[in-house]
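For the sequence shown, the positions run 1 to 282 when our numbering is used. Glycine residues also receive a C-beta, built at the ideal position from the N, C-alpha and C atoms.
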Amino acid sequence: MGIYAVTGAASGMGRAVTDRLRSAGHTVVGVDIKESDVVADLSTPGGRQQAVREVLKIAGGRLDGAVLAAGIGPAPGRGRPRLIAEVNYFGVVDLLDGWRSALASAGKAKVVVFSSNSTTTTPAVPGRMIKALLDGDADRAVRSVRLFGKGAPGIAYGGSKIAVSRWVRRNAVRPEWAGSGIRLNALAPGAIMTPLLEKQLATPAEAKVIHSFPVPAGGFGDAGQLGDWAVFMLSDAADFLCGSIVFVDGGSDAYFRSDDWPRSVPVRRIVRYLRRFREFGR
Ligand code: NAD
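Below, the structure is given as structure tokens:
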């Protein structure tokens with residue numbers, strides 16, 4: 001049986017993962033701003049350091065996996081873009097940086113980050129915001145969405161999830177992660193019926209946008225099913241899954257972007273790999 005850290009364990013999909021892992025006999029160290037083993041505010045650097053420290057202490061310095069599900073939605077509000085950047089981006093990467101050695105200690109750890117299909121279905125997310133987050137600059141990220149006015153939280157949400165997905169893909173293939181046996185992947189859900197979505201549906205303007213959004217499979221996703229996906233991605237079945245973003249969104253991403261991906265790798269990248277890197281040959 002393994003020991004897993006799960007953020008956002010008090011609600012929605014994080015809770016669904018936690019319940020499933022515990023029912024299967026695993027130990028889960030839950031992290032949340034409320035009702036959890038480790039109560040920490042992931043919107044502040046101090047809260048993130050506390051979460052890293054306390055989880056490592058409880059887990060004894062070894063983690064078989066981690067699920068990063070804490071997140072906040074694109075509700076309207078002035079300070080919202082900052083909160084979104086802090087929780088949805090830094091609340092993932094700071095924790096994973098802090099837990100990396102403990103994950104490596106397990107030999108074949110698995111990590112599942114909760115991204116979103118907002119990554120590919122939110123229009124006009126500025127590249128500046130994504131770059132700022134990947135550079136670790138929250139102030140610059142927040143400034144880059146100011147001109148969107150009332151639409152800023154929605155743009156910031158999409159930007160935070162794009163940045164965290166790119167962080168996953170960039171790091172998943174590096175020696176510190178792939179080479180240490182850690183499988184780093186992400187889930188990109190569509191609209192899943194959780195308290196986060198219920199809050200959005202309670203606002204008539206947001207509900208209208210959500211109900212008019214194209215979902216070829218129809219309806220809303222189920223938190224328990226996403227919990228099952230996460231547990232599957234923590235299992236041995238994911239030994240060869242590395243840097244993947246798995247969309248579970250009823251087809252919205254495919255509807256908007258069917259021909260954007262897969263796309264062949266540019267020749268210059270292959271040439272560069274063959275000339276200079278050759279890191280991963282068998
Ligand atoms: P949820 O609101 O049910 O759960 C999120 C949890 O994160 C809550 O328990 C909350 O307390 C915790 N959290 C929020 N701010 C925190 C903070 N500052 N510090 C610590 N914990 C904090 O939401 P959910 O729908 O289960 O979402 C889980 C993840 O999936 C999120 O990252 C969300 O962005 C993502 N997601 C959700 C949907 C959806 O439709 N529900 C769609 C795509 C992606």
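- The Cβ atoms of Val17 and Val6 sit closer than 8 Å to each other.
- Within the segment 58–134, the complete alpha helix (DSSP H) segments at least 4 residues long are 80–84, 91–105, 118–121 and 127–134, listed from N- to C-terminus.
- Counting only the Cα atoms, Gly250 lies some 7 Å from Gly218.
- Runs of the alpha helix (DSSP H) lying entirely within the segment 187–255, each at least 4 residues long, are 195–201, 204–212 and 223–233 in chain order.
- Counting of Cβ neighbours within 10 angstroms places Pro74 among the buried residues, the total reaching 16 or more.
- Assigned with DSSP and collapsed to three states, Leu42 falls in coil, not helix or strand.
- When the Cα atoms are used, Ser244 and Gly77 turn out to be separated by approximately 32 Å.
- Shortest gap from the CB of Asp41 to any heavy atom of the ligand NAD: under 7 Å.
- Relative to the ligand NAD, the nearest heavy atom lies less than 7 Å away from the CB of Phe114.
- Here Lys110 is actually not in contact with Met13; their C-beta atoms are around 16 Å apart, not less than 8 Å.
- Distances between the C-beta of Leu201 and the heavy atoms of the ligand NAD are all 7 Å or more.
- Remark: the C-beta of Pro123 is outside contact range of the ligand NAD, defined as less than 7 Å to any heavy atom.
- Comparing alpha carbon positions, the residue from Arg82, Leu103 and Asp32 closest to Arg62 is Leu103.
- Measuring C-alpha to C-alpha distances from Pro189 to each of Leu56, Gln200 and Val113 identifies Val113 as the nearest.
- By the neighbour-count definition (other C-beta atoms within 10 Å, threshold 16), Val125 is a buried residue.
- Under the DSSP definition of a beta bridge, Ile33 lacks any partner.
- DSSP places Ile3 inside the beta strand (DSSP E), whose first and last residues are Ile3 to Thr7.
- Taking 7 Å as the cut-off, one finds no heavy atom of the ligand NAD near enough to the beta carbon of Met233.
- Taking Leu187 as reference, the option from Ala156, Asp253 and Val55 with the minimal CA-CA separation is Asp253.
- Nearest neighbour of Asp259 by Cα position, chosen from Arg80, Val67 and Thr120, turns out to be Thr120.
- For Arg166, the closest C-alpha among the options Gly179, Lys208, Thr122 and Ser115 is that of Ser115.
- Per DSSP, Arg263 lies in no alpha helix (DSSP H) and is assigned neither H nor E.
- With distances taken between CA atoms, Ala156 lies nearest to Arg128 out of Asp19, Arg128, Gly179 and Ser212.
- Val92 is classed as buried because its beta carbon has at least 16 other beta carbons within 10 Å across all chains shown.
- With fewer than 16 other Cβ atoms inside 10 Å of its own Cβ, Thr203 counts as exposed.
- One alpha carbon belongs to Gln225, the other to Arg20, and they sit about 11 Å apart.
- For Leu21, the CB stays at least 7 Å from every heavy atom of the ligand NAD.
- Contact annotation, Asp32 with Ile58: C-beta distance approximately 14 Å; criterion of less than 8 Å not satisfied.
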